[in-house]
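Q:
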Amino acid sequence: MSSPTPVRQEPEQTLAPSLHTKPNPGRLSRLRTKVTTRDGWLGDYDYAWLCTPRLPFGNHKRSRQPPFYALDADLPLVLAITSGLQHALAMLAGLITPPIIFASALGLDSATSAYMISASLIGCGILSLVQMSRIKLFRGYYLGTGLISVVGTSFATLSTANAIFNSMYNNGTCPSTTAADGTVTRGACPDAYGKVLGTSLICSLLEISMSFVPSRVLQRIFPPMVTGTVILMIGLSLIGSSGIPNWGGGSNGCQTLPMSGDFALCPTIFAPRPLPWGSPEFIGLGFLSFVSILLTELFGSPFLKNISIIVGLVVGCIVAGAAGYIDDSSIKTAPAITFLWVKTFKIGVYPPAILPMLAVYVSLAMEAIGDITASAEVSRQEVDGPEFDSRIQGGVLSDGVGGFLSALFTVTPLSIFAQQNNGVIAITRCANRSAGRWCCAWLILFGVLGKLAGALLAIPNPVLGGVTSFLFASVAVSGLRVLSYLRFTRRDRFVLAAALAFGAGDLLVPGVFTHLFDRVRNPNHALQGFFNSITIVLSTPFLSAGIVAAMLNLILPHEVAEEDDAEVGVEVDAESQTQKEK
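In the UniProt record's numbering, the protein residues as written are 1 to 582.
Structure follows, in structure tokens:
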């Protein structure tokens, strides 16, 4: 069988015909060959390798590596479809988690919650197509990266939105009732979600404007010290606020173990088998999902390893369903087919959330720069020079535009979501944008199927917690990986220590800044809004840590490069050994 020469990069300008010319006969001929021949469907890719388990004690040597498919190489249809499915499944858990957490925090009904999941999937599919396109605008500016840079609901928004929701419930913007025993029950508050969307929409203009700042300037203002700290604190804060509480039974109020009310048992007293928070049954379900991820990494094929998070969800749901922990009412009430704007939210602006949301978009730009660099590296593209700078500019611009459009899509900011997908590229050796486009098609299909959203919503909290704890921990590890690029000079250690003092302290004692301005008497409306903004920023670990790291990095002078103590110690030991030998 003849090889399709997969590593050959075709010129980018030949990918699409001109709008004012007739279709290229050669292009039509290639399309006909692809859909009518075995080589066009299968190529010479080793599909057996993709689906063969790799035992930890087996021989992993391969006589032949799979070919590497560059951005615009000729890709067999089956490989494009299966690689796209891997990308979609690899990011699925990360895409459904934020809307589930938002809906739970605001007490929304199952129909609205299922719609939020579908809207997130559809919005991610549409805006990922934009991010992959790399559309030339004017004067050398682009929209998109031209890489497999998929987008997803930002975890940074998740942490900040929870602080915003808490502020709204505390100041009476959202309804809540207090029982005789002091138990506070929060009512449904869809308007709070609409205010977050509206605030996000106007704040996205900041990231759009940042995209026109030279990328080298952005990288100098936000070096790995700042971006790594922010990503690390995002992952750690989500483990504490969502992952582990859901693992124990729920993060919707039942973890406080109230004596009465709907949340006296987890997830609520109306669940099929409600139990107190932290019950052995809940811990066991979450542990089963967690262990399933580990076993998939040990014994799974490359295909299964790429979707190990989904394997954990499926195994946990099977056992939970057999044991009677799944409530299927969300599946029954979900529509068979859905789309954007089937449900809408009253768009508004919450002034105290403006300052925190601006900080979120700065962090999204920082994350985008790091993710684009990683995607270019794994796709065997240049990570320096004018072309790479244009990918950074186009990616940040698309990220900002995505934040604006996602609010119109009734979805919180969608930003570059490349961690799991870069792993898929590295394992399958397929960086082709055709696989990325099929990933977008799969995501849109998953979103349109309303019953699927209902099924995802029915996942028990312990199963979701066991999986998301691993997922959020992988985010924290990504932050550590970014920090590993530091030389860890005395200046680096000082800045990092100061930033983590704020971030880790806020994470371990969440309410330390909540009452900061309680003793200010009768502040006017504007001043109270400013106080609320400061409280939200300080109460969000990654924002407080990121601000301290960025400010100190700009203020503290750089030291003259010195050898690390460890290196000096090695040289001294070497000299001593030499003297002994003499």
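The beta-carbon is built from N, C-alpha and C at its ideal position, and this holds for glycine as well. All values derive from a computational prediction rather than experimental measurement.
Can you tell me which of the three DSSP states residue 661 falls into?
A: Nothing can be reported for residue 661: it is not among the residues displayed for the chain, which extend from 1 to 582.
Q: For S241, decide whether its Cβ has a neighbour in chain D, counting only Cβ atoms nearer than 9 Å.
A: Although the question refers to chain D, the structure presented lacks it and comprises just one protein chain.
Q: Which value, in whole angstroms, describes the spacing of the CA atoms of Q219 and V383?
A: 13 Å
Q: Could you check where the beta strand (DSSP E) with T177 kicks off and where it finishes?
A: S176 to T178
Q: Count the other CB atoms within 10 Å of the CB of H87; is the residue buried (16 or more) or exposed (fewer)?
A: Flag for H87 reads buried.
Q: What runs of the alpha helix (DSSP H), each 4 residues or longer, lie entirely inside the segment 111-142?
A: none
Q: For A431, which of D72, W49 and T36 has the nearest alpha-carbon?
A: Distance check between A431 and each of D72, W49 and T36 places D72 closest, using alpha-carbon atoms only.
Q: Since I believe I122 is in contact with L456 (beta carbons under 8 Å), could you give me their beta-carbon distance rounded to a whole number of angstroms?
A: Not confirmed; about 14 Å, so no contact.
Q: Give the secondary structure of I416 by DSSP, where H, G and I count as helix, E and B as strand, and everything else as coil.
A: strand
Q: Under a three-way DSSP split, which group does L275 fall into?
A: strand
Q: Quick check: the segment 443-451 against the segment 267-279, are at least 3 beta-carbon pairs closer than 8 Å?
A: no
Q: According to the neighbour-count rule (16 or more other Cβ atoms, all chains shown, within 10 Å of its Cβ), is G395 buried or exposed?
A: buried
Q: For I331, which residues of its own chain have a beta-carbon under 7 Å away from its beta-carbon, when the five flanking residues on both sides are left out?
A: K451, G454, A455 and A458
Q: Take F299 as the anchor and find which of A549, C51 and T33 has the nearest alpha-carbon.
A: C51
Q: Where does C189 sit, in a helix, a strand or coil, going by DSSP?
A: coil
Q: Give the straight-line distance between the Cα atoms of G324 and P460, rounded to the nearest whole angstrom.
A: Each residue's Cα considered, the two are about 10 Å apart.
Q: Quick check: the Cα distance between V315 and I293, rounded to an integer number of angstroms?
A: Approximately 9 Å, taken between the alpha carbons.
Q: Measuring alpha carbon to alpha carbon, tell me which of H558, L554 and S474 ends up nearest V217.
A: It is L554.
Q: Between the alpha carbons of A161 and A359, how many angstroms are there, rounded?
A: For A161 and A359, the distance between alpha carbons rounds to 12 Å.
Q: Sort out for me which residues DSSP pairs T153 with in a bridge.
A: L414
Q: By how many angstroms is the C-alpha of I283 removed from the C-alpha of G465?
A: Cα to Cα, G465 sits roughly 9 Å from I283.
Q: Tell me the rounded alpha-carbon separation between S484 and G253.
A: 37 Å
Q: Does the Cβ of D371 have 16 or more other Cβ atoms within 10 Å, making it buried, or fewer, making it exposed?
A: buried
Q: Report yes if the C-beta distance between V495 and L405 is below 9 Å; otherwise report no.
A: no
Q: Quick check on the DSSP output: the alpha helix (DSSP H) that includes F404 runs from which residue to which?
A: P386 to L408
Q: Answer yes or no: do I164 and P352 have a C-beta to C-beta separation smaller than 9 Å?
A: yes
Q: Taking only three categories from DSSP, how would you classify I337?
A: strand
Q: Quick check on the burial criterion: 16 or more other C-beta atoms within 10 angstroms. Buried or exposed for V537?
A: buried
Q: Let's test the definition: count the other Cβ atoms within 10 Å of the Cβ of K305 and tell me whether it reaches 16, buried, or not, exposed.
A: buried
Q: Is the distance from the Cβ of G198 to the Cβ of V349 below 9 Å?
A: In this structure, V349 lies closer than 9 Å to G198 by Cβ.
Q: Apart from the five residues just before and just after S379, which ones in its own chain have a Cβ nearer than 6 Å to its Cβ?
A: Listed in chain order, the non-local C-beta contacts of S379 below 6 Å within the same chain comprise L147 and A431, local neighbours out to five positions each way being set aside.
Q: If you draw a straight line from the C-alpha of M357 to the C-alpha of M233, how long is it?
A: 17 Å
Q: Assign residue 596 to one of three DSSP states: helix, strand, or coil.
A: Outside the modelled stretch of the chain, which goes from 1 to 582, sits residue 596, for which no answer is possible.
Q: So the candidates are V151, P56, P66 and G43; which of them puts its Cα closest to the Cα of N422?
A: In this structure, V151 is the residue among V151, P56, P66 and G43 with its C-alpha nearest to the C-alpha of N422.
Q: Tell me the DSSP bridge mates of L449?
A: I337
Q: I believe L414 touches S533 by the beta-carbon criterion, under 8 Å. Please report the beta-carbon distance rounded to the nearest angstrom.
A: That belief does not hold up - the Cβ atoms of L414 and S533 are roughly 24 Å apart, past 8 Å.
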